[in-house]
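Chains as they are written, first to last, in full-length UniProt numbering: chain G, 1 to 601; chain R, 1 to 290; chain C, 1 to 406. We put the CB at the ideal spot given by N, CA and C, even for glycine.
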Amino acid sequence: MRVALALGGLAALFALPFWLIPAIDPEGSGFWQHIFVTIFVFAAMACAWNILGGFAGQLSLGQTIFYGIGGYAGAMLNQHFGLIPWFGGIVGAAVAVAVAVFIAWPCLRLRGPFFALSTIAFLEVIRLLAIHFKDFTGGSAGLPVPMFVGTEMRIGWAWMLFREKENYLIIAFGLMALALAVSWLVRNSRLGFYLVAVREREDAARAVGVNATGVKLAAFAISAALTSLVGTFHGIYLNFIDPETMFSLPTAIQVAMFALIGGLGTVTGPIWGTLLVVPIAEAARGWLGAAANGLHGLVYGLVLVGVVLTMPKGLVGSIGPWLKRRFGGVAEVDSAARIQPPAPAAPGEERPPVGEPLLEARNLVKKFGGLVATSDVSITLREGEVLGVIGPNGAGKTTLFNLLSGFLPPSSGGVRVRLADGAWVSPNSPHGFAAAGVARTFQIVQPFTGLSVRENIMLGAFHGTRSAVEARRIAEEVAATVGLTGLLDAEARSLTVGGAKRLEVARALAMKPRVLLLDEVMAGLNPADVQQAVELIKRVRDSGVSVIAIEHVMAAVMALSDHIVVINSGRLIAEGPPSEIARNPAVIEAYLGEEYAHAAA
Amino acid sequence: MDILLQLIANGALLGGVFALISIGLTLIFGIVRVVNFAHGEFLMVGLYATWIMASQLGLHPYVAALPLAVVFFFLGALMQRAIIQPLMNADPHIQIFATVGIGTALANGALMLFSADLRSVDLPWARQATDLWGIASVSRGNLVAFFVSFAATGALIAFLNRTHLGRAIRAVAQNRYAAPLMGIDVNRIYAITFGIGTGCVGLAAAVLAPLYPAFPTVGSFFVLTAFVVVVLGGMGSLEGAVIGALIIGLVESLAGYYIAPDLKEVVYFAIFLGILIVRPAGLFGVRGNE
Amino acid sequence: MVAIRRRPLLGGLAAAAVAPRFAAAQGGEIKFGALYPFSGGLALLGDESFRGLEVAVEERNAAGGVLGRQVRLMKGDAVDQNQAIGEVRRLMSVERVVAVFGTYASPLAFAATQVTELQGVPYFEMGAISDPITERGFRYVFRTCPRSSDFGAATVGGIVDALAPAYGIDPKTLKIAILHEDALYGQTVSGFQEAQIRQRGLNQVEKLAYSARSVDLSSVIQRLRGVNADIVLHTGYQNDIVLFFRGMQEANWKPRMVIGSGAGYSLTDTARAVGPAFDGVMNVDFTQFAVNEQYAPGVAAFVELYKRRYGSDPRSGHSLANYFGARVYLDAVQRAGGTDKDRIRTAVLATDVAEGTTPTGWGVRFDERGQNTRVRPFLLQWQGGRQVTVFPAQAAVAQLRPQMGA
């Protein structure tokens with residue numbers, strides 16, 4: 001239904017300049033078709049930008065680097081080697097991807113405005129170099145697109161040059177459709193989920209096995225290739241290429257602005273934004289430009305400020321929900337009501353016996369400057385076991401978890417994990433640990449608020465599969481296990497604390513881990529919820545997953561754990577079975593103070 | 001040797017110009033955490049304002065500096081209240097586009113009012129060469145700009161360290177969530193800081209007016225350099241901005257001579273990117289601020 | 001009816017503001033496009049160029065028009081290439097213009113001419129100087145104004161034929177440096193200057209480019225000083241010209257002569273911003289207004305028309321160059337006896353006007369490619385706050401003064 005609507009909309013968008021306007025206003029069609037070529041070209045670029053700027057949240061203001069590369073590739077191969085621009089376009093896209101990777105390497109380490117500034121710096125450098133190396137690029141004198149070579153007239157489909165304006169329209173529309181399709185595919189694929197996850201909460205994304213830099217790089221490359229293709233076509237269409245036009249900062253800002261006005265991170269937003277702003281700008285130029293030089297720019301700037309102030313989510317982000325509320329009739333989900341208890345264990349399911357070591361940490365040390373947060377800690381997790389980690393606040397439990405999941409590199413010592421095939425590995429990054437079968441939750445739960453509960457769980461599921469269909473199936477399965485089935489379509493932000501904690505566990509479980517690290521999943525829960533959580537963890541254990549749990553709720557730890565380690569001031573002060581730990585004076589002292597230890601003794 | 005000293009003198013003085021323009025930007029950057037893309041356009045407005053005061057009212061541009069700074073303070077505070085404040089918790093994308101919009105509107109407004117012509121404040125005194133101990137020849141206007149940039153930076157640092165308001169501003173910079181607990185009205189601090197930052201631009205404009213003519217796009221000539229300076233020095237660090245400005249000034253001067261004048265921007269952008277990669281917080285920035 | 005007919009005589013602004021549709025039905029009119037940058041960064045000289053065209057058209061209309069019909073100009077605002085294409089399309093399809101006049105800026109001309117060529121609409125270029133515009137094998141693109149290469153030749157020729165004789169020395173002993181902004185204008189003109197210097201065996205000691213967005217040219221000046229340049233050939237815009245001269249003042253150094261190229265050096269605003277140091281500076285540009293009336297008959301009359309029409313002196317020679325070009329083309333269309341593109345081409349190419357008989361002093365003789373070969377920029381000099389023509393001798397109104405600066 002939605003797809004049909006979207007295709008219908010696209011068809012209408014194409015029909016408007018191609019058949020409708022020529023039918024109504026045959027005289028003006030040349031002009032209108034140009035306007036629509038402009039709209040399609042900018043919409044395609046805005047869509048491409050949105051993959052990086054919207055989905056991945058990396059505000060690039062240097063997108064015209066790739067537009068220029070495409071333009072120059074097409075024109076230079078045409079000029080020097082007589083190659084058709086279609087070929088030049090492909091070469092340009094390849095070069096653009098290479099340049100994107102090169103630029104991304106330093107830039108992607110930066111955040112927010114710094115990323116934006118560094119892309120501007122790259123754009124300026126490339127523009128200046130294109131001007132300086134004029135023997136190669138033609139410099140500021142520019143490259144006219146050749147139409148005659150000797151007596152041969154290079155027009156027609158091969159050369160992308162036409163007498164018939166409609167053909168430009170077809171290509172420009174094709175580019176927009178391509179950008180839109182790629183954008184849609186990305187958004188609905190594993191990559192899209194990962195990008196949104198990285199944008200919203202990079203650490204949690206890394207915990208589900210996302211290679212944050214890798215996916216941002218992929219977004220950068222896809223966006224660059226698409227933009228380059230547009231650049232090739234538009235360069236030919238403009239008939240003349242020069243560094244000022246092709247590597248233009250104002251154009252880069254404009255493209256980002258279209259996406260922003262339409263709705264950042266939505267699939268169709270960039271097209272709506274372009275569709276709204278380009279005609280307004282053209283009209284403003286037509287009506288105001290000749291009358292008062294600069295007036296249209298003034299209006300443009302003020303409109304931008306106005307849109308940003310009144311609709312920070314853009315057209316799609318602001319009007320879409322309103323339309324849904326008004327006409328869609330989606331009722332608000334009462335989240336507390338819909339959480340079910342976790343599915344009970346199937347009768348007859350036996351707990352597998354505790355087996356060989358699965359994860360070993362040896363002599364872990366972590367120093368922050370002069371502060372020793374973890375001091376010579378060694379622990380071992382056996383297959384099928386629940387290992388409880390306890391200790392007072394600030395004892396260094398979470399630091400230990402970060403060491404065990406690759407979020408912090410140890411100052412010395414190491415962690416190794418046994419794979420399913422028996423080989424031992426020592427990963428050194430979060431996604432390395434995830435690949436080795438280690439999943440974790442975070443103490444402070446913050447679901448990815450831009451995604452539904454189902455999509456949140458799918459993020460974990462994507463660790464094991466590339467297929468969105470498969471991930472969806474796993475998500476539903478896991479949701480049933482943790483009791484979130486009724487809330488699958490709710491927005492993650494609407495969950496209660498208990499629900500959010502379960503979601504956190506569900507996302508980790510969806511990764512099908514062999515080791516699960518749980519960071520205080522019971523903190524803040526009411527006694528009934530705690531009881532359910534204990535049951536849930538037992539079920540997880542019984543399904544063959546080994547668990548390390550940091551927990552404050554003593555009763556629960558004692559009930560759950562097969563083995564307990566106690567951490568205080570970064571060092572391991574005791575370990576053993578729960579019954580022993582409960583009697584250990586050092587533990588009692590650490591928790592309750594010295595007097596109690598003596599009293600107990 | 002002779003030429004090297006002259007180049008260093010030129011570079012240092014140019015650095016003074018950049019510092020003057022950048023201190024307001026770094027203050028806003030560091031405390032309000034907003035990248036003001038309209039900063040260059042503020043400078044442009046200031047240059048026009050000085051030109052009007054000089055040509056219509058016959059005011060000496062240096063005399064115009066103080067009233068201009070005061071007017072700009074209120075303009076900046078107003079802009080923060082009206083446009084930036086509602087967006088304080090929004091995505092950085094949104095804030096950037098708000099300031100881009102303001103910049104576009106200002107540049108085109110100037111084009112409408114004054115056309116694309118150059119408007120130059122006539123102060124031949126400022127353009128006369130002064131001999132510096134026989135090693136370099138520099139213009140008086142540039143010397144004034146140089147010393148004003150140092151004086152302004154010193155005054156701002158003293159203000160931030162010695163006064164109650166200044167300490168409140170620093171508290172907000174350090175922790176915008178904890179500051180309200182100490183009874184600080186964070187939003188008021190933002191407005192004041194934005195005002196001070198903009199006031200610095202007003203001051204800069206008046207001091208630079210005898211050196212640089214006003215035209216609608218003059219802001220874009222300076223703004224990228226100012227960003228480079230601010231990032232180089234470290235976001236929010238006034239000392240850093242001055243030192244970053246001196247470095248960029250020297251790089252411009254030396255690279256323009258020893259490499260090629262049309263590649264000097266390439267050189268300092270390369271330095272800028274290098275710094276961002278190696279030390280994202282800048283030379284004097286606090287880690288974690290990036 | 002009468003009021004509408006008279007509008008072009010009364011006010012171009014009103015004509016431009018009125019929606020074109022109302023007048024489109026007027027059978028007695030012949031419509032031409034006028035494609036210039038009317039807004040954006042190039043607006044000042046774009047508009048100045050248009051004024052020359054407008055004056056020529058009004059003059060023609062007062063004398064009965066073209067082909068017995070009143071000429072009507074349809075404005076197109078070309079801010080950038082994309083805009084140029086859109087506007088020229090609009091002019092051709094909506095306004096149905098017979099031909100398009102333009103453009104002042106070369107990138108805009110490149111973009112617009114390819115569209116008109118494919119549609120078979122003649123394009124009359126009167127101000128864009130990039131050489132390849134008329135080297136692409138187009139049949140219906142014509143240009144009346146000089147090219148970058150003509151600027152290069154005139155600058156270097158001026159050193160040999162005018163400046164060196166004024167110094168009374170052999171031009172080969174002069175150390176010449178080329179300085180230019182790195183946008184299209186500077187890069188192309190300086191390239192031809194360099195080629196000319198080499199061809200004539202002169203002594204080029206330095207060639208420096210700088211970004212048009214520079215805020216400081218002190219290192220450039222140090223380099224020029226380092227090579228001890230006698231003559232600096234400078235192609236720049238207003239802002240960097242001002243920076244260059246202020247920088248030289250600061251550095252307490254200047255060459256024996258600066259020869260500028262083009263509009264930036266012609267604007268009175270530039271001279272005012274630089275001050276007395278600008279006196280004696282030379283320039284190579286389109287014909288300016290202080291030119292020998294005998295060599296450029298009609299220039300005073302043009303200034304008179306311009307003043308009456310716009311209430312001020314012309315801001316640069318662009319209006320005059322466009323006035324000259326427009327007269328040539330309108331005359332050719334008249335001789336063509338119709339608006340067919342091939343008849344117009346034949347008529348344009350048949351034009352034969354001797355040098356020294358037009359308001360610019362330029363002659364007209366087109367080559368097969370559509371380029372006017374009887375044009376050249378003149379050598380000018382700022383003397384006492386005015387820019388006067390000093391070379392060639394027939395066009396000169398003043399003697400070349402061999403010293404520069406106050």
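Which same chain residues end up closer than 7 Å to residue i when comparing Cβ atoms and leaving out the 5 residues on each side of it in sequence?
{"i": "R507 of chain G", "result": "V208, N456, I457, L459, G460"}
{"i": "A205 of chain G", "result": "Y194, A197, V198, A212"}
{"i": "residue 484 of chain C", "result": "Only positions 1 to 406 of chain C appear in this structure, which leaves residue 484 of chain C out of reach."}
{"i": "I120 of chain G", "result": "L61, G62, L249"}
{"i": "S120 of chain R", "result": "P213"}
Is residue i near the ligand MG, in the sense that its beta carbon is under 7 Å from a heavy atom of that ligand?
{"i": "V66 of chain C", "result": "Absent from the structure shown: the ligand MG. Ligands present: none."}
Beta-carbon separation of residue i and residue j under 8 Å?
{"i": "I176 of chain C", "j": "A99 of chain C", "result": "no"}
{"i": "L379 of chain C", "j": "D242 of chain G", "result": "no"}
{"i": "V534 of chain G", "j": "A559 of chain G", "result": "yes"}
{"i": "A321 of chain C", "j": "T360 of chain C", "result": "yes"}
{"i": "L123 of chain G", "j": "H93 of chain R", "result": "no"}
{"i": "W49 of chain G", "j": "A256 of chain G", "result": "yes"}
Determine the direct distance from the alpha carbon of residue j to that of residue i, and round the result to whole angstroms.
{"i": "H164 of chain R", "j": "I390 of chain G", "result": "45 Å"}
{"i": "F133 of chain G", "j": "A209 of chain C", "result": "12 Å"}
{"i": "G499 of chain G", "j": "A212 of chain G", "result": "26 Å"}
{"i": "I243 of chain R", "j": "G233 of chain R", "result": "7 Å"}
{"i": "R369 of chain C", "j": "A23 of chain G", "result": "38 Å"}
{"i": "G235 of chain G", "j": "A225 of chain G", "result": "15 Å"}
{"i": "F81 of chain G", "j": "G89 of chain G", "result": "14 Å"}
{"i": "residue 610 of chain G", "j": "F368 of chain G", "result": "Within the shown structure, residues of chain G are numbered from 1 to 601, placing residue 610 of chain G beyond reach of any answer."}
{"i": "A46 of chain G", "j": "G273 of chain G", "result": "9 Å"}
{"i": "F302 of chain C", "j": "G92 of chain G", "result": "51 Å"}
{"i": "T465 of chain G", "j": "N188 of chain G", "result": "14 Å"}
{"i": "D342 of chain C", "j": "G52 of chain C", "result": "26 Å"}
{"i": "T268 of chain G", "j": "F233 of chain G", "result": "22 Å"}
{"i": "T26 of chain R", "j": "A252 of chain G", "result": "24 Å"}
{"i": "P377 of chain C", "j": "L42 of chain C", "result": "21 Å"}
Less than 8 Å between C-beta atoms, sequence neighbours within five positions excluded: which residues of the same chain meet that for residue i?
{"i": "V354 of chain G", "result": "R382, E383, G384, E385, D562"}
{"i": "S218 of chain C", "result": "G247, E250, A251"}
Which residues in chain G sit within 8 Å of residue i, going by Cβ to Cβ distance?
{"i": "R89 of chain C", "result": "G30, F31, Q33, H34, K165"}
Residues of chain G with a CB under 7 Å from the CB of residue i: which are they?
{"i": "N82 of chain C", "result": "T38, L238"}
{"i": "T188 of chain C", "result": "A141"}
List, in chain order, every chain C residue whose beta-carbon is nearer than 7 Å to that of residue i.
{"i": "Y257 of chain R", "result": "S219, Q222, R223"}
{"i": "residue 292 of chain R", "result": "Residue 292 of chain R lies beyond the stretch modelled for chain R, which goes from 1 to 290, so this question has no answer here."}
Once you ignore the five residues that flank residue i on each side, which residues in its own chain have a CB closer than 6 Å to its CB?
{"i": "G65 of chain C", "result": "V71"}
{"i": "F220 of chain G", "result": "L52, A100, A104"}
Find the residues of chain R that neighbour residue i, judging by a C-beta separation of less than 9 Å, and give them in chain order.
{"i": "P585 of chain G", "result": "Here the premise fails: no neighbours, minimum Cβ distance about 39 Å."}
Going along chain R, which residues have a C-beta under 7 Å from residue i?
{"i": "L44 of chain C", "result": "S115, A116, D117"}
What in chain C is Cβ-close to residue i, meaning under 9 Å?
{"i": "L7 of chain R", "result": "S218, S219, Q222"}
Taking one C-beta from the stretch 261-272 of chain C and one from the stretch 42-59 of chain R each time, how about it: are there three or more such pairs within less than 8 Å? no
State whether the stretch 101-118 of chain R contacts the stretch 208-227 of chain R, with contact taken as three or more CB pairs (one from each stretch) at a distance under 8 Å. yes
Indicate whether the contact test is met: 3 or more Cβ pairs, each with one atom in the stretch 303-310 of chain C and one in the stretch 33-47 of chain C, closer than 8 Å. no
Three-pair Cβ contact test at 8 Å for the stretch 188-196 of chain C versus the stretch 148-167 of chain C: yes
Between the stretch 246-266 of chain R and the stretch 223-232 of chain R, are three or more C-beta pairs nearer than 8 Å? yes
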